[in-house]
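Beneath this line is the structure, given in structure tokens, with notes to follow.
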């Protein structure tokens, strides 16, 4: 990422005493970072042809789910749950299909919705999100869907995200305040992605909004009801897009490495496992075995081989119950 | 007390202004022909009656259909609560809906009758079971080993089994430790019987946090004192 787009001397370092200049700076850096990220998301199968294709890069799924994990971790901290990033990852990837969800696991599912369901702007999709948050069942999902569709007519994608997150709070009046806030962040990402023409949203705003550098006056974290929420949104998106861009760069190198060693794999159905790795934050050997129709032992050996070839990493740091990812 | 409920339902409200509700179309929620004060009383009556007659907590959304659009619902609920202050029952918000429950101090009187009044509060739990379910609520997801370490004694499978049978807890994900034990989480029923709107309403959660007892690495400190301190508040509610 070019230095001028990072704005180290600009919006990031400066306190927001000069609100107007700060807002202009923040919007500029958010725009620059989002443009670069947009370039990556339209790079198609080969990253060197960035921006020229309409398809997403092969690692888009891994990028989306890893950002979902970051967003869920940040939200769990906002909601003051006990679960941290490794715990959320374990809860998602080691649980059997019929296990009850933990409070943090529900938040994680909310952000994983972006990848696991087509992001349609209708009431059923809003309902699915509301169910993840366990907000009261009578929340008017139709009104939310209408609100989201209305926001799409706003000229500026950042303003659309700001508007939808502020307006959603009124519809979510009955929900506990923290859940309403998280829902608003989710809606902002949904609208921004749609306005930028991405195939599916990326969890961005929630990953940085609670970062210490985003704090507004009197040291609070920004809240969608704040008068200067639009400035906070711009600053948070600038930072989130920069971090997502860095993550995309890393994943792009790792996915290139993975595809370069893929022909060396002799296990049957190895291609299927490679696809799984590119589509998610991490994969447990059990899931790989089930999806690709391998035996448990074959799946373990395949992952050992991939690690030996330097194509994937073991993410949990444990000797058993391992989780592998890019 | 189903019998009592039926009784009060039968005695029709003295003021039968409401057209018969054979079709929802005829139901007049706005009551625009009444003076302001009478309209307010009527709305209060409707909301309380609906909650009284319902078998489970009634959501706010359902209740707002009974009152006019220009009615401030929160004020209405406050007024109903004020009215109920001298009565032996109370309007409470549980698991996302409103419900009428007898005040805890009448639990003994109701129990003496030994009819089939349904306990809305927690079922009779032994101290160990209470400690276990409380610890799970604060620390979830928590495995049996974690809970045993916390309680300072073995939490047996029977305790877990009984809590699961009562539908207060459920098996969540499996912990990545030898044996892949289940980590347990609390259920929606748990919120309902303990009268909590959400997990964030657990008592003293801020104090426990400030003292660092809810951090992920297991604390060495003994939680018993803190966890048992609230036992007094957990007297049964009856409905």
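Chains as they are written, first to last, in the numbering used here: chain A, 23 to 348; chain B, 39 to 277.
All C-beta atoms, glycine included, are put in the ideal place defined by N, C-alpha and C.
As the structure is a computational prediction, the values presented were derived from the model and not from experiment.
Straight-line gap, residue i to residue j (C-alpha atoms, nearest Å)
i: residue 215 of chain B; j: residue 276 of chain A; result: 29 Å
i: residue 8 of chain A; j: residue 241 of chain A; result: There is no way to answer for residue 8 of chain A, as the model of chain A reaches only from 23 to 348.
i: residue 135 of chain A; j: residue 66 of chain B; result: 41 Å
i: residue 102 of chain B; j: residue 302 of chain A; result: 43 Å
i: residue 230 of chain B; j: residue 285 of chain A; result: 56 Å
i: residue 240 of chain B; j: residue 169 of chain B; result: 14 Å
i: residue 51 of chain A; j: residue 261 of chain A; result: 8 Å
i: residue 239 of chain A; j: residue 257 of chain A; result: 15 Å
i: residue 294 of chain A; j: residue 309 of chain A; result: 12 Å
i: residue 280 of chain A; j: residue 333 of chain A; result: 5 Å
i: residue 153 of chain B; j: residue 130 of chain B; result: 23 Å
i: residue 144 of chain A; j: residue 161 of chain A; result: 14 Å
i: residue 6 of chain A; j: residue 111 of chain A; result: This structure does not reach residue 6 of chain A, given that chain A is present from 23 up to 348, and the question cannot be answered.
i: residue 206 of chain A; j: residue 166 of chain A; result: 10 Å
i: residue 158 of chain A; j: residue 125 of chain A; result: 15 Å
i: residue 263 of chain A; j: residue 191 of chain B; result: 49 Å
i: residue 43 of chain A; j: residue 319 of chain A; result: Here the model assigns residue 43 of chain A a pLDDT of 45, short of 50, so the residue's position is not dependable, and the following value carries that caveat. Cα to Cα, residue 43 of chain A sits roughly 60 Å from residue 319 of chain A.
i: residue 340 of chain A; j: residue 91 of chain A; result: 19 Å
i: residue 180 of chain A; j: residue 210 of chain A; result: 9 Å
i: residue 282 of chain A; j: residue 328 of chain A; result: 11 Å
i: residue 25 of chain A; j: residue 96 of chain A; result: 27 Å
i: residue 128 of chain B; j: residue 141 of chain B; result: 6 Å
i: residue 124 of chain B; j: residue 84 of chain B; result: 20 Å
i: residue 86 of chain B; j: residue 77 of chain B; result: 14 Å
i: residue 215 of chain A; j: residue 182 of chain B; result: 43 Å
i: residue 120 of chain A; j: residue 207 of chain B; result: 14 Å
i: residue 236 of chain B; j: residue 212 of chain B; result: 24 Å
i: residue 337 of chain A; j: residue 101 of chain A; result: 25 Å
i: residue 324 of chain A; j: residue 289 of chain A; result: 7 Å
i: residue 104 of chain A; j: residue 193 of chain A; result: 28 Å
i: residue 244 of chain A; j: residue 227 of chain A; result: 11 Å
i: residue 202 of chain B; j: residue 218 of chain B; result: 19 Å
i: residue 98 of chain A; j: residue 106 of chain A; result: 7 Å
i: residue 146 of chain A; j: residue 224 of chain A; result: 20 Å
Endpoints, alpha helix (DSSP H) assigned at residue i
i: residue 74 of chain B; result: 74 to 91
i: residue 103 of chain A; result: Counting along the chain, residue 103 of chain A falls outside any alpha helix (DSSP H), and DSSP gives it neither H nor E.
i: residue 201 of chain A; result: 199 to 218
i: residue 115 of chain B; result: 111 to 122
i: residue 28 of chain A; result: 25 to 28
Cβ-based neighbour list, residue i, same chain, cut-off 8 Å, excluding 5 preceding and 5 following
i: residue 210 of chain B; result: 178, 179, 220, 221, 222, 223
i: residue 82 of chain B; result: 114, 117, 118, 121
i: residue 351 of chain A; result: Since the first and last residues shown for chain A are 23 and 348, residue 351 of chain A lies out of range.
i: residue 267 of chain A; result: 23, 55, 58, 59, 62
i: residue 76 of chain A; result: 64, 66
i: residue 84 of chain A; result: 273, 277, 299, 300, 301, 302, 303, 347, 348
i: residue 155 of chain A; result: 128, 129, 132, 197, 201, 204, 205
Buried/exposed call for residue i, threshold 16 Cβ in 10 Å
i: residue 148 of chain A; result: buried
i: residue 116 of chain B; result: exposed
i: residue 229 of chain A; result: buried
i: residue 74 of chain B; result: exposed
i: residue 234 of chain A; result: exposed
i: residue 316 of chain A; result: buried
i: residue 49 of chain A; result: buried
i: residue 150 of chain B; result: exposed
i: residue 199 of chain B; result: exposed
i: residue 364 of chain A; result: In the structure as shown, chain A begins at 23 and stops at 348. Residue 364 of chain A is therefore absent and cannot be evaluated.
i: residue 172 of chain B; result: buried
i: residue 195 of chain B; result: exposed
i: residue 164 of chain A; result: exposed
Near the ligand GTP: residue i beta-carbon under 7 Å from a heavy atom
i: residue 110 of chain B; result: Within the structure as shown, the ligand GTP is missing, as the structure has no ligands at all.
Whole-angstrom C-beta distance between residue j and residue i, which should lie under 8 Å
i: residue 68 of chain B; j: residue 106 of chain B; result: 4 Å
i: residue 152 of chain A; j: residue 129 of chain A; result: Their Cβ separation, rounded to whole angstroms, is 13 Å, which puts residue 152 of chain A and residue 129 of chain A out of contact at 8 Å.
i: residue 269 of chain A; j: residue 213 of chain A; result: Contact doesn't hold; Cβ gap of about 22 Å is too wide.
i: residue 184 of chain A; j: residue 251 of chain A; result: 6 Å
i: residue 141 of chain A; j: residue 222 of chain A; result: 5 Å
i: residue 228 of chain B; j: residue 175 of chain B; result: 7 Å
i: residue 182 of chain A; j: residue 217 of chain A; result: 5 Å
Residue i - containing beta strand (DSSP E), residue span
i: residue 209 of chain B; result: 207 to 212
i: residue 231 of chain B; result: Unbroken run through residue 231 of chain B is the alpha helix (DSSP H), 226 to 231; no beta strand (DSSP E).
i: residue 136 of chain B; result: 135 to 140
i: residue 129 of chain B; result: 127 to 132
Spatial neighbours of residue i in its chain, beta-carbon cut-off 7 Å, leaving aside the 5 residues before and after
i: residue 343 of chain A; result: 116
i: residue 197 of chain B; result: 166, 167, 170
i: residue 150 of chain A; result: 135, 139
Cutoff 6 Å; reference residue i; Cβ partners in own chain excluding five residues on either side
i: residue 89 of chain B; result: 96, 136, 138
i: residue 305 of chain A; result: 298, 299, 346
i: residue 161 of chain B; result: 204
i: residue 331 of chain A; result: 283
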